[in-house]
Structures are given as C-alpha cells and as structure tokens.
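Going by the numbering used here, the sequence shown opens with residue 72, and the numbers climb by one from there. The beta carbon of each residue, even a glycine, is placed where N, CA and C say it ideally should be. All values derive from a computational prediction rather than experimental measurement. Contents: one structure, followed by commentary.
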Amino acid sequence: MKLRFLLRTLGTLSLSLGMGLAAPSAPAALRVATLHPLLTDLAQQVGGAQVTVLAIVAPGTDVHHFSPSPQNMQQLAGADLVLASGKQLENYLGKLQDNLRAGQTLLEVGKSIPSLELSEAAALLEAPETGPAGHRHGGVDPHWWNSVENMQRATRVLAAAFAQADPPQAPAYQAHAAAYLKQLTELKSWARREFSKIPPEQRKLATAHLSLGYFAQEFGFRLIPVQGLNPEIPATSQDLAAAVDTIRQSKVRAVFPEQGVNPKLLAKIASETGVTFAGQLIADGNGTAALASFTAAFTHNVQEIVRALAP
Ligand SMILES: [Zn+2]
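Here you go:
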C-alpha cells in the first residue's frame, strides 16, 4: 500500500517536473495545413508530435472538385506551411497564394515528383481510344500518390520542408522520415510478391477513370479507364459500346469500381460482358476511416486487385 502510494507520488512528481521543465522552452509546434487527405497522413508520419496538422480536405472528399470555403481560408491563416498535391489538381492555388500572409509558405509537393504526361499515360492504355480525349484536362496526370516511390519522394520533400521551417526539430523529422521510408520499401516489396500471383497477361486494370497511371507504370499493369481522366463527365452510349468492346477484346477478368465514383456504368459493363465486378479501389487517396492512410489504402488496393485477377 505504502509502496503504491510512493510510486504514484513519484509518478505525479516526475510528470509535473517534466511539464514544468518543458513548458518554458518548448517551441510552438509547426502548424501544417494539408489540401489532400494523403498529405494529412504524410505530414503526421513525418511531423510526429512536432507538428500540428490541420486537415483542410477531409478523408472521403472528392479531391478533383474540392474548393476552399471562406471558413477554410480562415483556417489556413493559422498555418505556417500549406501542403498542396500540385500537378494541376488544385485549380484554386493562385487564389490561395494571394491570400497568404508574410511568413506562410505554400508547397506543391507534386512539383518535386516526376510527372507522367497524359500522352505517356496513354501508352499504358490497353486501347488508347477508350476514354474520350475531351475528358482529359491539362497535360499531366495528377494522381502521383498512386505510387510507393512517389510517396517516398514526397516523404523526403516534407522532411526537408519541415526542417527548413523548424530547424531545431530537423533531427526528429529526419528520423520519422527514415522510419516511414523503410516501411514504404517493405510495402513495395510485399506488393511485388503479391502481384507475381497474377499471370502477366491478366495485369490489366479496368477502372472508371484514368487514375492509376503511376501505379501501372510502377507495377507493370495496362489500363482501361472507361470514363477517361474525369469521372464526373457522363459517358455517352458510344463510350459505353467502345468500353464493352475493349473489355471483351482484352479478356480481363474484372472491372474495378472506385471509391467516390458512381459505379453504375462499370456495373453495366460487367453485366454486359460477364466479367467480375470487383471490390472498390481507392484511387484518389480519399479513403475513409481505417483506409484513410496511404499504407492502408494501398494495401487494400493490392489485395482487391490480387483477389480479382489472380487465378
Ligand atoms: Zn482522380
């Protein structure tokens, strides 16, 4: 009894001592605002306890059509660093930049990542005529987050940016980044082992929109995006007929619906062609709840692809 009391007292004492010592010298945490759910995850991975992350774009949001509200603009005023995906995903960055105050930095993370031009993405297509060209806006595929290597590049970008904004914590950011980079390397090796279960001629991803170009490039898949780059634009009956033809000719085993994209058209194609209507993929990095982080969403995607395409 006495011992327990003593331990409790000591615990309280050391806790208050710790707090007392830390409080006067502890610098205010770096405040980082994020414009993509996966950047929220990455900022937390790299920042750890040393940053306060302010998620402007919540998990589950349609990242192609998000636009900041006046309230979001007020929230952004509290950030030291604002992280955007870049690669033309956010068409409001000019306006946002104009509203920043001195000392705030806007960082387009995608700028430091090699771009997949849409013309190159087209080379990954099973049938380049699938997906009307009019659905493609801009010349660059914005979905850089669908690649483990790109996420590793982004990790290094964040570690450098955080260190520059908050030099005393640079060693902590480097340590967090190193641990996460190792985790990503293991994730990529695991994905390669999983995909080796799929016969090479079956490594084709039929999805609603052209969202997996970086993924296809990294892991050796061909793409069949039924609705082109922008899933919002409804496909015409000619698009549907062309997609059904492509699915038949390519002899794919499955079509994959995507989180946040109306699955009606893909379901129709699946029923017309008799291929499997597979589990939903998270292509825009906007998974919710347990699938909000990059590693969780990526693992989920790999599992769904292998489940549908491996014999
Ligand atoms: Zn997308």
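Residue i versus residue j - alpha carbon distance
i, j, result
"alanine 150", "glycine 157", "18 Å"
"alanine 349", "isoleucine 318", "14 Å"
"serine 140", "leucine 152", "18 Å"
"leucine 380", "phenylalanine 365", "22 Å"
"tryptophan 216", "glutamine 245", "21 Å"
"asparagine 357", "isoleucine 269", "26 Å"
"leucine 167", "methionine 144", "8 Å"
"alanine 367", "leucine 337", "24 Å"
"alanine 225", "tyrosine 285", "14 Å"
"glycine 119", "phenylalanine 290", "30 Å"
"leucine 294", "serine 190", "13 Å"
"alanine 363", "histidine 247", "19 Å"
"alanine 192", "proline 382", "27 Å"
"lysine 322", "glycine 131", "32 Å"
"leucine 195", "proline 242", "40 Å"
Coarse secondary structure for residue i, derived from DSSP in three states
i, result
"phenylalanine 348", "strand"
"proline 334", "coil"
"phenylalanine 327", "strand"
"arginine 274", "coil"
"arginine 387", "One cannot answer for residue 387 here, as it falls past the ends of the chain, which runs 72 to 382."
"leucine 283", "coil"
"valine 128", "coil"
"glutamate 289", "helix"
"alanine 379", "helix"
"threonine 366", "helix"
"leucine 196", "strand"
"threonine 111", "helix"
"glutamate 265", "helix"
"valine 386", "An answer regarding residue 386 cannot be provided, because it is not within the stretch 72 to 382 covered by the chain."
"threonine 256", "helix"
"alanine 243", "helix"
"glycine 205", "Confidence at glycine 205 is low in this model, with a pLDDT of 38, below 50, so its placement is unreliable and the value that follows should be read with caution. Note: glycine 205 maps to helix in three-state DSSP."
"leucine 154", "strand"
"proline 296", "strand"
"alanine 94", "Residue placement at alanine 94 is flagged as unreliable, the pLDDT there being 46, under the threshold of 50; a coordinate-derived value is accordingly withheld."
"glutamate 43", "No answer is possible for residue 43: the residues shown for the chain start at 72 and end at 382."
"valine 228", "helix"
"leucine 359", "One point to set straight first is that residue 359 is threonine, not leucine, in the sequence displayed. In this structure, threonine 359 counts as coil in the three-state DSSP scheme."
"valine 373", "helix"
Supposed close pair residue i, residue j - CB separation, criterion 8 Å
i, j, result
"valine 128", "leucine 160", "10 Å between Cβ atoms; not a contact."
"glutamine 121", "alanine 100", "6 Å"
"histidine 214", "serine 282", "5 Å"
"serine 186", "valine 219", "That pair is no contact at about 17 Å."
"alanine 354", "glutamate 329", "5 Å"
Closest Cα partner of residue i within the set the options
i, options, result
"alanine 313", "Ala325, Arg378, His371 and Val297", "Val297"
"glutamine 374", "Arg264, Asp355 and Ala104", "Arg264"
"alanine 277", "Ala341, Gln235, Lys253 and Gln254", "Ala341"
"valine 103", "Leu154, Glu188 and Ala249", "Leu154"
"leucine 113", "Ala249, Lys275 and Glu272", "Ala249"
"valine 180", "Leu147, Glu188, Gly174 and Leu229", "Leu229"
"glutamate 343", "Gly165, Gly174, Val315 and Pro334", "Val315"
"glutamate 272", "Phe292, Glu257 and Thr256", "Phe292"
"aspartate 310", "Phe233, Asn333, Ala279 and Thr111", "Ala279"
Beta carbon nearer than 5 Å to a non-hydrogen atom of ligand 1: Ser282 and Asp355
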